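Residue 268 is where the sequence shown starts when you use our numbering, and the numbers rise one by one after that.
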Amino acid sequence: MRLNNKIALVIGAGQSQGEGTGNGRAVALRFAQEGAAVLAVDRDGGLAAATAEIANTHGRGCLPFEADVTDERSVEKMIEFAVAQWGRIDILHYNVGISVSGRDASPEDITESAFDTIMAVNLRGAVMCVKHVLPVMRRQQDGVILTVASVSAWQRYPWVAYKASKAALIAFTQQIAIEYAADGIRANTILPGLMNTPMAVDTRARTFNRSRDDIVAERDARVPLRKKMGTAWDVANAALFLASDEAAFITGVELPVDGGALVNLPR
268 MRLNNKIALV IGAGQSQGEG TGNGRAVALR FAQEGAAVLA VDRDGGLAAA TAEIANTHGR
328 GCLPFEADVT DERSVEKMIE FAVAQWGRID ILHYNVGISV SGRDASPEDI TESAFDTIMA
388 VNLRGAVMCV KHVLPVMRRQ QDGVILTVAS VSAWQRYPWV AYKASKAALI AFTQQIAIEY
448 AADGIRANTI LPGLMNTPMA VDTRARTFNR SRDDIVAERD ARVPLRKKMG TAWDVANAAL
508 FLASDEAAFI TGVELPVDGG ALVNLPR
């Protein structure tokens, strides 16, 4: 019960179509299991409701909420709903991100519309969510903000918008950590490596017309640790630690959850 009596908003708590569990859903479930009341937020209300239904078999209580992070008023309504429901917000976990599904491409092939769409979801949405939760957390003089970036921010990566947006998300999270430290607000980012999730694997299989098994084998071979991708539960457990009081003196960090990918980079 490491999050007992905490109120947590998990943005991107639904998941893409495919096998297994996505990062956002896993975080919502883990937070609920550890005693938090959770608002499971997704642009697809049905997916948010599915997450809430699963979470409510394990935890204190999870409510679904439909919101679009590219619409600031929708984000504002989400924060208003949470405060009206519980009176406070202890944890904001931003797990929204797109790449392949947003038509990301190389620097020579990227289009304006694809770049703008990916940046709006991956970066601007995070900024707007944080913008509207900060007044709540400042009144409380307490709060945790978690963002999910990617090791792609630092690794070689072929497509421009995802990499740029995730690198910017790290910088933004660090800015929040230092600017609001005096208000008791902690901000940290998680850097997943190669993960076996519906978004990472099944989306690629559909987009490139390849089998799921081929995508899994190709990605597994690139992971230093046991030649096996991580799962959404690895991300969820990292988020749980950073959200809990066990990490009370930790802010402004980038936590790789990557099976050794970043330490395998040439120096």
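Ideal placement from N, C-alpha and C gives every residue a C-beta, glycine not left out.
Owing to the predicted nature of the structure, the values given are computational and were not obtained by experimental measurement.
DSSP state of residue i mapped onto helix, strand, coil
| i | result |
| --- | --- |
| N463 | coil |
| I365 | coil |
| G328 | strand |
| A304 | strand |
| V490 | coil |
| A448 | helix |
| I321 | helix |
| A435 | helix |
| I385 | helix |
| E286 | coil |
| W421 | coil |
| D469 | helix |
| A426 | Residue identity check: residue 426 is Trp in the sequence provided, not Ala. Reduced to three states, the DSSP call for W426 is coil. |
| M268 | coil |
| L532 | coil |
Expected contact under 8 Å - CB spacing of residue i and residue j to nearest Å
| i | j | result |
| --- | --- | --- |
| G289 | A499 | 6 Å |
| L507 | F298 | 7 Å |
| G526 | G460 | 5 Å |
| V468 | V490 | Incorrect: roughly 13 Å between the Cβ atoms, too far for contact. |
Rounded straight-line distance, which links the Cα of residue j to that of residue i
| i | j | result |
| --- | --- | --- |
| A303 | G279 | 17 Å |
| N463 | A505 | 16 Å |
| T318 | P374 | 36 Å |
| L413 | S380 | 28 Å |
| A349 | V502 | 24 Å |
| V336 | A434 | 19 Å |
| V411 | R292 | 19 Å |
| G372 | W426 | Correcting the residue identity first, residue 372 is Ala in this sequence and not Gly. When rounded, the distance between both Cα atoms is 5 Å. |
| S432 | N389 | 6 Å |
| Q300 | G287 | 18 Å |
| R453 | V403 | 14 Å |
| E521 | I437 | 7 Å |
| V342 | M395 | 7 Å |
| Q442 | A448 | 10 Å |
| R479 | A322 | 27 Å |
Bridge partner(s) assigned by DSSP for residue i
| i | result |
| --- | --- |
| R453 | V411 |
| G497 | M462 |
| A295 | Answer by DSSP bridge pairing: none, since A295 is not bridged. |
| D309 | E333 |
| H399 | For H399, which the question treats as bridged, DSSP gives no partner whatsoever. |
| E521 | T456 |
| A275 | V305 and I358 |
Outcome for residue i when other beta-carbon atoms lying within 10 angstroms are tallied against a minimum of 16
| i | result |
| --- | --- |
| S511 | buried |
| D357 | buried |
| N455 | buried |
| I274 | buried |
| M496 | buried |
| L492 | exposed |
| G477 | Residue identity check: residue 477 is Arg in the sequence provided, not Gly. Label assigned to R477: exposed. |
| K494 | exposed |
| P523 | buried |
| H360 | buried |
| K398 | exposed |
Neighbour flag for residue i against chain B, beta carbons, 8 Å
| i | result |
| --- | --- |
| E339 | In summary, chain B is missing from the structure at hand, where a single protein chain is found. |
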